[in-house]
Amino acid sequence: MNNTGYSNLINTIGLGNIDIGYLFLGMAVLLVILLILTICLLVKTQKLKKRLDRFVLGKDGVSLEQDIIALFEDNKFLKINCDKNKKDIHTLYKRMETAYQKMGLVKYDAFRQMGGQLSFSLALLNENNDGFIINSVHSTDGCYSYTKEVIAGECSITLGKEEEKALAIAMGDEK
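Take our numbering: the last position of the sequence shown gets the number 177, and nothing is skipped along the way.
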């Protein structure tokens, strides 16, 4: 056996002064470290494989791709519907601005000889406090109804106390 070739190689790489036992011991330690790292990587790979199997639920790559595409299409559909719903809600809100939303009702006896509070003042207002007041006066001769227009919570015609109270109730100023 020719040891000179071997020792020439060791001398060439600069390890000629080191005892061969230390060299083997260092390589053994390095081998054990590499073995431990390999085992750790295998364990992590197995965990990742289990997570991936749970994620795909036994499906192949093609069906998983189709599922993801379907989810994106559903997302687009929901986004389009959400935008449409926002527009519809805005349209409804605009329509509701002009609808009569506020009401004030005051029942009263127009004449002392009449009982039962058969006369009334009814104020109907929208969001901008525009609307009208209906005043119905009940007497022994009949029932007479009058209307007065309200703009921005104000009436250009003088209001009776019952009409003022009905308007205040409708505007939320009085209960």
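Just so you know, even glycine gets a beta-carbon here, dropped at the ideal spot from N, CA and C.
Across which residues does DSSP place residue i in a beta bridge pair?
| i | result |
| --- | --- |
| Gly-106 | Ala-125 |
| Asn-137 | Ser-123, Tyr-148 |
| Gln-153 | For the record, residue 153 in the displayed sequence is Ile; it is not Gln. Looking at the DSSP assignment, Ile-153 forms a beta bridge with Glu-156. |
Alpha helix (DSSP H) containing residue i: first to last residue?
| i | result |
| --- | --- |
| Phe-57 | 22 to 58 |
| Ile-171 | 163 to 173 |
For residue i, I'd like the list of residues in its chain whose CB is within less than 6 Å of its CB, leaving aside the five on either flank, ordered along the chain.
| i | result |
| --- | --- |
| Cys-157 | Lys-150 |
| Glu-164 | Val-108, Tyr-110, Ser-123 |
| Ala-125 | Gly-106, Ile-135, Ala-168, Leu-169, Ala-172 |
Leaving out five residues on either side along the sequence, give the residues of the same chain with a beta carbon under 7 Å from the beta carbon of residue i.
| i | result |
| --- | --- |
| Ile-50 | Note that residue 50 is Leu in the sequence shown, not Ile. Hits under 7 Å: none found. |
Original post:
Per the contact definition of three or more C-beta pairs closer than 8 Å, is the stretch 139 to 150 in contact with the stretch 77 to 87?
Top reply: no
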